[in-house]
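Encoded as structure tokens, the structure appears first; notes follow it.
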Amino acid sequence: MARPSDLPASTTPTSEQSWSSERVLFRKVLYMKQPYPDNYVDVTFLEHLQRNANLRVRDYWTTVQDFGVILQHATSVLIFVALFILLYTKRLSSTLLIWVGALLTIAGYIFWDMSIRRIDAQYQVHRTAFFIFATLLGLSPILRILTKDISVDTIWAMTVCMFLANMLMHDYGPAPSNMACRFSGAMSTNTAIFASVLLASRLDSNIDVFALTSIAVEWFALFPILRRQFKRLSRRHSNTLTCILMLICTVMYYYISWMLMLIYVAACLFITFVCTWWLISIQKYKNEIHGPWDEARPQLQRQATAAD
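Its first residue numbered 2, the sequence shown is counted upward by one per residue in this note's numbering.
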């Protein structure tokens, strides 16, 4: 586009058009005839231009703490894999794992129920939990021989792919203030449970299969709810949980393989500090423009649904 002074004689407004343009205000519309050429650019054309209107200047240490949400979920996946390795190598009792998982689930439920300060239908919650674990116990013999004809290498490869998909599709957003409970994304949870079933099918006994699948339900379906509740309560609660999970994972992999432990620690440091610095450093290259020419965006209001 060009301004009137830069236009050739054929496109420059005539004296009559210039006289009319002084009286007619230029409007950015196409449906009305105006005394201006088609390629005319008025001085008011870009007066409503906005650059980086939604830009948020990020603080380094605040962003480091926000990256803790990613570390929490990645560490949770690695802890579950470590539990499978310990069960697979007979270094962990399945009975102990079941009791520890049950006690931690009860403690987490009590904390969650007290933190939201509301009276729920506890009988229905208890009944649902009983049916879930009873179903897992009944299906344990079937799950143990489910992938009997599939090679071990295929099982490991599928498990890695499913856990990677779980981490990519996981909902890392905070818990909304108007919702007391929000499950993780369906695809994320399903891929984690599927990977857990693949790993459980490599175990020897039915009790081992039940222990691993029950922990998978608690770890990938219920624990993310508790993590979001920690995040919603305060940043200190979330940071404390991140440190506890990282410490547990480091200790577990120290007894499995010190090389894996070093790789895990290095990856945590890289994600926490290097990736944070990289994210903040590329903010200066952001150049997003907004104006009245943008398409209309519908404003959708989510209706909060509170449990009775």
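Ideal placement from N, C-alpha and C gives every residue a C-beta, glycine not left out. It should be emphasised that the depicted structure is a prediction, and the values quoted were computed from it without experimental measurement.
Cβ neighbours of residue i in the same chain (closer than 8 Å, five flanking residues each side left out)
i, result
"H171", "H74, S185, G186, S189, P225"
"T192", "M163, F164, A166, N167, M170"
"Q51", "I290, H291, G292"
Residue i versus residue j: straight-line alpha-carbon distance, rounded
i, j, result
"K149", "S77", "27 Å"
"D209", "K91", "10 Å"
"T277", "W62", "9 Å"
"N240", "T251", "16 Å"
"L93", "Q300", "53 Å"
"R298", "K29", "20 Å"
"Y265", "I151", "30 Å"
"S141", "N207", "5 Å"
"L280", "M260", "29 Å"
"G139", "A217", "16 Å"
"A108", "A201", "25 Å"
"L147", "L204", "11 Å"
"T243", "W113", "18 Å"
"I111", "L227", "11 Å"
"V44", "G174", "43 Å"
"N55", "V161", "37 Å"
"R357", "I283", "This structure gives no information on residue 357, because the portion of the chain shown stretches from 2 to 309."
"R229", "L47", "43 Å"
"L270", "T64", "14 Å"
"V153", "M159", "10 Å"
"R59", "K285", "11 Å"
"D7", "L31", "Any reading at D7 needs caution, since the residue's pLDDT is 48, under 50, leaving its predicted position unreliable; the model's value is listed next. One C-alpha to the other measures close to 22 Å."
"Y254", "A196", "20 Å"
"N40", "F27", "13 Å"
"M115", "L104", "17 Å"
Beta-carbon contacts of residue i that lie in its chain and below 6 Å, excluding the five residues immediately before and after
i, result
"T106", "E219"
"E289", "N53"
"I212", "The question names Ile, but residue 212 is Ala in the sequence shown. These residues qualify, in order along the chain: S95, L98, I99."
"K34", "none"
"F274", "none"
"H238", "F231"
"A307", "Reliability fails at A307, whose pLDDT of 42 lies under 50, so the model's placement of it is uncertain and the value that follows must be treated cautiously. Cβ neighbours of A307 beyond the five flanking positions: none."
Rounded distance between the beta-carbons of residue j and residue i, thought under 8 Å
i, j, result
"L87", "I156", "Contact doesn't hold; Cβ gap of about 18 Å is too wide."
"L263", "I80", "Incorrect: roughly 17 Å between the Cβ atoms, too far for contact."
"R233", "Q66", "About 14 Å separates the two Cβ atoms, so there is no contact after all."
"P36", "V25", "6 Å"
Neighbourhood of residue i by C-beta distance below 7 Å, restricted to the same chain and skipping five residues each side
i, result
"F221", "T190, A193, I194"
"I272", "F68, I71, L72"
"S215", "I99, G102, F134, L137"
"I257", "A83, I86"
"L144", "V198, A201, S202, V210, T214"
"I319", "Only positions 2 to 309 of the chain appear in this structure, which leaves residue 319 out of reach."
"K287", "N53, L56"
Any chain B beta carbon closer than 8 Å to residue i
i, result
"A222", "Protein chain content of the structure displayed is limited to a single chain, and chain B is not contained in it."
Pick out the complete alpha helix (DSSP H) segments inside the region 56–130, 4 residues or longer, and give them in chain order. For secondary structure counted as the alpha helix (DSSP H) over 4 or more consecutive residues, the region 56–130 holds these complete runs in sequence order: 61–67, 69–89, 95–117.
Contiguous alpha helix (DSSP H) assignments of at least 4 residues, all confined to the region 220–263: Listed in chain order, the complete alpha helix (DSSP H) runs (minimum 4 residues) inside the region 220–263 are 224–234, 236–257.
In chain order, what are the residue ranges of uninterrupted alpha helix (DSSP H) at least 4 long that sit wholly in the region 135–192? Correct list: 153–170.
Output the residue ranges of the alpha helix (DSSP H) runs that lie fully inside the region 263–289 and measure 4 residues or longer, sorted by chain position. Runs of the alpha helix (DSSP H) inside the region 263–289: 276–282.
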